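First up is the structure itself, then whatever we jot down about it.
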């Protein structure tokens, strides 16, 4: 009989397709057969391998114009300085009792013209009123006038400028001539004439006077910005797709044309606060019975030589407030204007 070859467990045939294979997901590990250089196959068990997770590169998403402006704004020291000061004045204006427990209208004649002391930090005025409490409470009238007037001129000037810039033609010509007429009237003089027509003057009377004659600059800036934006490709595409005038203005034009108006409005807010103080100083703004910085400054000028502190503290608070809004406006301008980055 021919000699039978010895059985070698290492020389096993590879499994055929007909042989049963472990199903995917089963607990049985698959058998791996490798052949060496001599043709010998080596059997071994291999655990299921997990496919490597693809590594995604973290790329920065493209930032929008407003997101980029906010990012630049947070890098500006002027923004933080002005924001902290303005936040302090806002809290002072609407929560004055947090800063003083004295009534600014309590003015006994027995304590007139007292110098600064531990009882009266800023002293008292000629009527006997505590200057510190009047300075704290006076922030409310000034900030309300500045904020409300700024909102009014943004609405009026923004609407006029947007209509003139978007439609053009005879509408632009008419609105431009009306704007030029109002531009020829000095703001302070117009406010004096307007206020003199009222026997009872309030904060809202001052707001109406300043807003009626202070919207022209916003209108011009908005008009120029809208003219630039309306020729952009996305506006032309929206118009070609049948977008209505109102939708195009509110969705495409105004959001991209409002940036210069925000800068002007921020700076104008401080200007209107100073103008209100000027009107009160001239005796044509808020009456002396109202607690305001302008009224206190007007009263203090009569005793400037003998009691300069009566003029110093209201003037200091007024100046710091106006300066804070100007600093904030400069920071916003630098953030919104790509050329200044």
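Residue numbers (our numbering): 15 to 355. Note that CB positions come from ideal geometry on N, CA and C, so glycine has one too. Bear in mind the structure is a predicted one, so any value in this text is a computation, not a measurement.
For residue 92, the enclosing alpha helix (DSSP H) stretches over residues 91-108.
Distances from the alpha-carbon of residue 121 to those of 130, 86 and 143 put 143 closest. Between the C-alpha atoms of residue 265 and residue 179 there is a straight-line separation of about 16 Å.
Bounds of the alpha helix (DSSP H) holding residue 290 are 273-295.
Distance between residue 203 and residue 291, taken at the CA atoms: about 14 Å. In the DSSP assignment, residue 334 falls within the unbroken alpha helix (DSSP H) covering 323-350. The residue among 99, 299 and 100 with its C-alpha nearest the C-alpha of residue 211 is 299.
DSSP places residue 127 in the coil class of the three-state scheme, outside both helix and strand. Rounded to whole angstroms, the gap between the alpha carbons of residue 286 and residue 254 is 43 Å. Rounded to whole angstroms, the Cβ separation of residue 185 and residue 177 is 6 Å, and the two are in contact under 8 Å.
Around residue 208, the same chain offers 223 as residues with beta carbons nearer than 6 Å, after the five sequence neighbours per side are excluded.
DSSP, reduced to helix, strand and coil, places residue 194 within a helical segment of the structure shown.
The Cβ-Cβ distance between residue 92 and residue 345 falls below 9 Å.
For the 9 Å CB-CB criterion, residue 83 and residue 271 do not form a contact. Closest option to residue 268, judged by alpha-carbon separation, among 244, 303, 114 and 132: 244. In this structure, the CA atom of residue 145 is about 34 Å from the CA atom of residue 168. In the structure shown, residue 138 adopts extended strand secondary structure according to DSSP, grouped into three states. Burial state of residue 151 is buried, judged by a 10 Å Cβ sphere holding 16 or more other Cβ atoms. Only buried fits residue 341, as 16 or more other CB atoms lie within 10 angstroms of its CB. For residue 211, there is no enclosing alpha helix (DSSP H), as DSSP gives it neither H nor E. Cβ neighbours of residue 135 within its own chain (closer than 6 Å, five residues either side excluded): 146. Assignment of residue 320 by DSSP, reduced to helix, strand and coil, places it in the coil class. Burial state of residue 301 is exposed, judged by a 10 Å Cβ sphere holding fewer than 16 other Cβ atoms. Judged by DSSP secondary structure, residue 312 falls within the alpha helix (DSSP H) whose first and last residues are 307-314.
For residue 172, the enclosing alpha helix (DSSP H) starts and ends at 145-181. No residue range can be given for residue 117, since it is assigned to no alpha helix (DSSP H) and is classified by DSSP as neither H nor E. Listed in chain order, the non-local C-beta contacts of residue 304 below 7 Å within the same chain comprise 155, local neighbours out to five positions each way being set aside. Between residue 117 and residue 240, the alpha-carbon positions lie close to 49 Å from each other. Look at residue 269 here: in three-state DSSP terms it is helix.
Residue 175 and residue 205 have their C-alpha atoms spaced approximately 23 Å apart.
Take the alpha-carbon of residue 295 and the one of residue 85: they are about 41 Å apart. Around the beta carbon of residue 220, 16 or more other beta carbons sit within 10 angstroms, so the residue counts as buried.
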